[in-house]
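There are 2 protein chains.
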Amino acid sequence: MSASYDVAAIGNAIVDVIAPADEAFLVDHALTKGAMMLIDEARAHELYGHMSAAIETSGGSAGNTVAGLASLGGRAAYVGKVAADQLGDVFAHDTRQIGVHFETGRLSGGPATGRCLINVTPDGERTMCTFLGASVELTAADVDPDTILGAEIVYLEGYLFDPPEARRAFAKAAGLARASGRTIALSLSDSFVVDRHRAGLLAFIEAEVDLLFANEAEITSLFETTDFEQAARAAQSLTRIAAVTRGEKGSVVITPTIRHTVEAYPVAQLVDTTGAGDQYAAGFMLGLARGKPLDACGRLGGLAAAEVISHYGPRPQVSLAELAAANGLA
Amino acid sequence: MSASYDVAAIGNAIVDVIAPADEAFLVDHALTKGAMMLIDEARAHELYGHMSAAIETSGGSAGNTVAGLASLGGRAAYVGKVAADQLGDVFAHDTRQIGVHFETGRLSGGPATGRCLINVTPDGERTMCTFLGASVELTAADVDPDTILGAEIVYLEGYLFDPPEARRAFAKAAGLARASGRTIALSLSDSFVVDRHRAGLLAFIEAEVDLLFANEAEITSLFETTDFEQAARAAQSLTRIAAVTRGEKGSVVITPTIRHTVEAYPVAQLVDTTGAGDQYAAGFMLGLARGKPLDACGRLGGLAAAEVISHYGPRPQVSLAELAAANGLA
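Respectively, the protein sequence lines represent chains U and L. Residue numbers 1 to 330, in the numbering used here, belong to the letters of the first sequence in order. Residue numbers 1001 to 1330, in the numbering used here, belong to the letters of the second sequence in order.
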């Protein structure tokens, strides 16, 4: 069966609220720099009340990835839950208007659309506090089999391991994809997510995952080591392909037999790292869906990541397809 | 009486929805490039449905101006109406968190918070369609006399000439300011606003306005001429100070006796002209409130405008106070 989508992604549907902050703000509010912390609505309200003037833009890790895929000229579908409110309108609009298939039913009478409060320090690092809101109400019933079966790659966001209902949706999607021979990709999302769900994640990766995305903190957390080499060797025997991002050191693509080291693209000015991992995954998966060699997949991922960290916000601001063509990666 | 605020501003409280668009989009949707068009909720919904993925950020002409004033280290107050909804939360947050006094009551059970759909073409020009929403429900009762009397300059946004109730609020503020010897400033806002309300605006300026802000299109529309020189001479005899912006040609500050020509600051890359006039007014009024000569006021306005057109969005992204200091204008 020829696929309708290069990638179908499932994730927590979130609107980002992005503001500049200084280092003292992180200390005052007990935030761990660079991490994602889950907060409840009361804490979200309180923290937002202390943040600076912000911009709002659609986010969510897998949502950002499908936006990157669409910008690269790929065909993508998205499954995620927003509420029937103004921020839900924003999320649905931003997702559909870039050509992503998005038909998950909206939530009425429950929590508001989820928000991620992102404080960006002058060094460009983002620190995130997420009120999941409506996104936790994603259920297995929201996972449309036609969407999953219509995709070459089914991409799952590690953040979904937090909400129990979403985790069932996750398992359903993986089961459908496995049964029809689709490639299953997983992003580890955050080192604290890995810490909270290590055993479950390891079992899931071993049983189901063909393509694993992680950064250095996440992969070392997964294997409970501080040594990257040790984590890389462990990843090698766990999954078919592991693509590990290492910030300015680029990325490493690991298979059971080969390891590719891919240099990072230079960035004129690092403004905001939000979305770097998400865009790397977008570029990598588009390359894979188009049959490119793994090192070229890594380069395309790196190029997409370099674009997104050069400005505020988690989604590309230029056509990644044109950028890829200009860099000989089309 | 010593003033609590450098500037108290009254305007249509609006959240901006900013998206890239090509020239064909403007043609297809019959939009006049560079202008502001009023639209109703149904048209807003329809147009938004055709726009690309967007970012949301607090806007409104006078709202942007007080944001610029605060960034310059000035003390500002704002009067404007948003609804008790998510976008109203965003507007109130963004206004207060930069240190602007904003206590106008929120609207419940009426229209939603106003939105300005802004399509930015590759040349950086912005074309705006505004659904006024809750902002038209601003009434004279919302104009708090203590706020108006506590300001050195009372700044009125020409857009308020459109909603009839807001126009009464406008008149009340002007009356209060006049009675207590405050400086009254008016921005003409848009050439089509001028066209709709020419007689009313001319009478109001002659009777009440000390400081008039306009761009070239607005000032020539006001005096029904295509000749800038002719418009400049007419402005000279109408008001005490007219500050007229001319895009890359800089600005001209006109008084009954003197005319200052102020060069524009160079901009590395013109990205989005949204907010240029608003930030010019912010810089100019801060200079005036601090007792600077008029040409220095024009330079400070030009510097603030140059910052805002170098990125997406209508409000400064860096500290304008630091930028002014670095350019010898503190």
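Just so you know, even glycine gets a beta-carbon here, dropped at the ideal spot from N, CA and C.
| Taking the beta strand (DSSP E) that Ala-1214(L) falls in, what are its first and last residues? | One-based indexing of the second sequence puts residue 1214(L) at position 214. Per DSSP, Ala-1214(L) belongs to the beta strand (DSSP E) from 1211-1215.
| field | Sequence ranges, alpha helix (DSSP H) only - wholly within the region 250-295 of chain U, length at least 4 | value | 276-289
| task | With a threshold of 16 other CB atoms inside 10 Å of the CB of Val-17(U), please say whether the residue is buried or exposed. | result | The residue given as residue 17(U) occupies position 17 in the first sequence. Val-17(U) is buried by the Cβ-count criterion.
| Are the beta-carbon atoms of Lys-81(U) and Thr-57(U) separated by less than 7 Å? | Residue numbering aside, residue 81(U) sits at position 81 when the first sequence is read from its first letter. Residue numbering aside, residue 57(U) sits at position 57 when the first sequence is read from its first letter. Not a contact, by the Cβ cut-off of 7 Å.
| query | For Leu-87(U) and chain L, any beta-carbon pair shorter than 7 Å? | reply | For this step, residue 87(U) is matched to residue 87 along the first sequence. It does: the Cβ of Leu-87(U) has a partner Cβ on chain L nearer than 7 Å.
| Using the C-alpha atoms, what's the distance from Thr-1274(L) back to Gly-328(U)? | Taking the first sequence and counting its residues from 1, the one referred to as residue 328(U) is at position 328. Taking the second sequence and counting its residues from 1, the one referred to as residue 1274(L) is at position 274. It is roughly 34 Å from the alpha-carbon of Gly-328(U) to the alpha-carbon of Thr-1274(L).
| Does the beta-carbon of Ala-1326(L) have 16 or more other beta-carbons within 10 angstroms, so that it is buried, or is it exposed? | Numbered from 1 along the second sequence, position 326 holds the residue referred to as residue 1326(L). With fewer than 16 other Cβ atoms within 10 Å, it is exposed.
| request: Tell me the start and end of each unbroken alpha helix (DSSP H) in the region 1166-1206 of chain L that is at least 4 residues and wholly inside, in chain order. | output: 1191-1196
| request: Could you tell me if Thr-1065(L) is buried or exposed, where buried requires 16 or more neighbouring beta carbons within 10 angstroms of its beta carbon? | output: Position 65 of the second sequence holds residue 1065(L). By the neighbour-count rule (16 or more Cβ atoms within 10 Å), Thr-1065(L) is buried.
| query | If you check the beta carbons only, do Asp-1088(L) and Pro-1316(L) fall under 7 Å apart? | reply | The sequence position of residue 1088(L) within the second sequence is 88, counting from 1. The sequence position of residue 1316(L) within the second sequence is 316, counting from 1. The residue you asked about is not Asp; residue 1088(L) is Gly in the sequence shown. No, the pair does not count as a contact, with Cβ atoms beyond the cut-off.
| Looking at the structure shown, is Asp-1006(L) part of a helix, part of a strand, or coil, going by DSSP? | Within the second sequence, numbered from 1, the residue matching residue 1006(L) stands at position 6. Asp-1006(L): strand per DSSP, three-state reduction.
| What first and last residue would you give for the beta strand (DSSP E) that runs through Thr-1095(L)? | Counting from one through the second sequence, the residue named residue 1095(L) turns up at place 95. The continuous stretches of beta strand (DSSP E) do not include Thr-1095(L), which lies in the alpha helix (DSSP H) extending over residues 1086-1096.
| field | Euclidean distance between Cα positions of Met-51(U) and Ala-231(U) | value | As a working note, residue 51(U) is residue 51 in the first sequence. As a working note, residue 231(U) is residue 231 in the first sequence. Whole-angstrom Cα-Cα distance: 37 Å.
| field | Continuous alpha helix (DSSP H) assignments of at least 4 residues falling wholly in the region 52-79 of chain U | value | 61-71
| said: By the DSSP assignment, the alpha helix (DSSP H) with Val-1027(L) in it spans what residues? | reply: By 1-based counting over the second sequence, the position of residue 1027(L) is 27. 1023-1028 is the extent of the alpha helix (DSSP H) around Val-1027(L).
| chain U contact residues for Glu-1056(L), given Cβ-Cβ distances below 8 Å | One-based indexing of the second sequence puts residue 1056(L) at position 56. Here the neighbours are Ile-55, Glu-56, Thr-57 and Val-90.
| Do you know how far the Cα of Pro-1111(L) is from the Cα of Ala-289(U)? | In the first sequence, the residue the question calls residue 289(U) occupies position 289. In the second sequence, the residue the question calls residue 1111(L) occupies position 111. Taking the straight line from one Cα to the other gives about 46 Å.
| How would you list, in chain order, the residues of chain L whose beta-carbon sits under 8 Å from the beta-carbon of Asp-94(U)? | Within the first sequence, residue 94(U) is the residue found at index 94, counting from 1. Near Asp-94(U) (Cβ distances below 8 Å), the residues of chain L are Ala-1053 and Ala-1054.
| query | According to the neighbour-count rule (16 or more other Cβ atoms, all chains shown, within 10 Å of its Cβ), is His-101(U) buried or exposed? | reply | Sequence index remark: in the first sequence, residue 101(U) carries index 101 (1-based). His-101(U) comes out buried.
| field | With 16 other Cβ atoms within 10 Å as the buried cut-off, status of Val-1007(L) | value | In the second sequence, counting from the first residue as 1, residue 1007(L) sits at position 7. With 16 or more other CB atoms across the displayed protein chains lying within 10 angstroms of its CB, Val-1007(L) is buried.
| task | Taking C-beta pairs closer than 7 Å, name the residues in chain L that Ile-148(U) reaches, listed in chain order. | result | Taking the first residue of the first sequence as position 1, residue 148(U) is located at position 148. None at all; the shortest Cβ gap to chain L is about 24 Å.
| Where does His-1101(L) sit, in a helix, a strand or coil, going by DSSP? | Locating residue 1101(L) in the second sequence gives position 101, where the first residue counts as 1. Strand, per DSSP.
| request: Mind listing, in chain order, the continuous alpha helix (DSSP H) runs of no fewer than 4 residues lying wholly within the region 219-250 of chain U? | output: 228-236
| said: Can you list, in chain order, the residues of its chain with a C-beta nearer than 7 Å to that of Lys-1249(L)? Leave out the 5 residues immediately preceding and following it. | reply: Position 249 of the second sequence, counted from the first residue, corresponds to residue 1249(L). Here the set comprises Ala-1264.
| request: Could you have a look at Ile-148(U) and say whether DSSP puts it in helix, strand or coil? | output: For the purposes of this step, residue 148(U) is taken as residue 148 along the first sequence, with counting starting at 1. Helix.
| message | According to DSSP, Tyr-1155(L) sits in a beta bridge with which residue or residues? | response | The residue labelled residue 1155(L) in the question sits at position 155 within the second sequence. DSSP lists Ala-1009(L) and Ala-1185(L) as partners of Tyr-1155(L).
| query | Looking at the C-beta of Gln-1279(L), does it have a partner C-beta in chain U at a distance below 7 Å? | reply | Taking the second sequence and counting its residues from 1, one reaches residue 1279(L) at position 279. By this cut-off, Gln-1279(L) is not an interface position.
| task | Could you pull out every residue in the same chain whose Cβ sits closer than 7 Å to the Cβ of Ala-1054(L), ignoring the five residues on either side in sequence? | result | Looking up residue 1054(L) in the second sequence gives position 54. Sequence-distant partners of Ala-1054(L) (beyond 5 residues in either direction) whose C-beta falls short of 7 Å from its own C-beta, in its chain, are Val-1017, Ile-1018 and Ala-1019.
| task | Pull up the distance between the alpha-carbon of Arg-1240(L) and that of Ala-1199(L), whole angstroms please. | result | Position 240 of the second sequence, counted from the start, is the residue given in the question as residue 1240(L). Position 199 of the second sequence, counted from the start, is the residue given in the question as residue 1199(L). Taking the straight line from one Cα to the other gives about 19 Å.
| task | Inspect the beta-carbon positions of His-331(U) and Phe-223(U) and report whether they are closer than 7 Å. | result | This structure cannot settle anything about residue 331(U), because the visible part of chain U is limited to 1 through 330.
| said: Please tell me whether Leu-186(U) and Ile-148(U) are closer than 7 Å, where the distance is taken between their beta carbons. | reply: Position 186 of the first sequence, counted from the first residue, corresponds to residue 186(U). Position 148 of the first sequence, counted from the first residue, corresponds to residue 148(U). Taking the C-beta atoms as reference points, Ile-148(U) is found no nearer than 7 Å to Leu-186(U).
| request: Keeping to the same chain, check which residues put their C-beta closer than 6 Å to that of Ile-1039(L); ignore five residues upstream and five downstream. | output: Numbered from its first residue, the second sequence carries residue 1039(L) at position 39. Taken in chain order, the residues that qualify are Cys-1129 and Phe-1131.
| Buried or exposed (CB count within 10 angstroms, at least 16 for buried), Glu-1152(L) | Counted from its first residue, the second sequence places residue 1152(L) at position 152. Buried, because 16 or more other Cβ atoms sit within 10 Å of the Cβ of Glu-1152(L).
| query | Which one or two residues does DSSP pair with Ala-1118(L) in a beta bridge? | reply | The sequence position of residue 1118(L) within the second sequence is 118, counting from 1. Checking the sequence, you will find Ile at residue 1118(L) rather than Ala. Ile-1118(L) is bridged to Ile-1018(L) and Met-1128(L).
| query | Along the chain, where does the alpha helix (DSSP H) that runs through Leu-1160(L) open and close? | reply | By 1-based counting over the second sequence, the position of residue 1160(L) is 160. Taken as a continuous stretch (DSSP letters only), Leu-1160(L) belongs to no alpha helix (DSSP H), as it is neither H nor E.
| request: Following the continuous beta strand (DSSP E) through Leu-38(U), name the residue where it begins and the one where it ends. | output: Within the first sequence, numbered from 1, the residue matching residue 38(U) stands at position 38. Where Leu-38(U) is concerned, the enclosing beta strand (DSSP E) stretches over 36-38.
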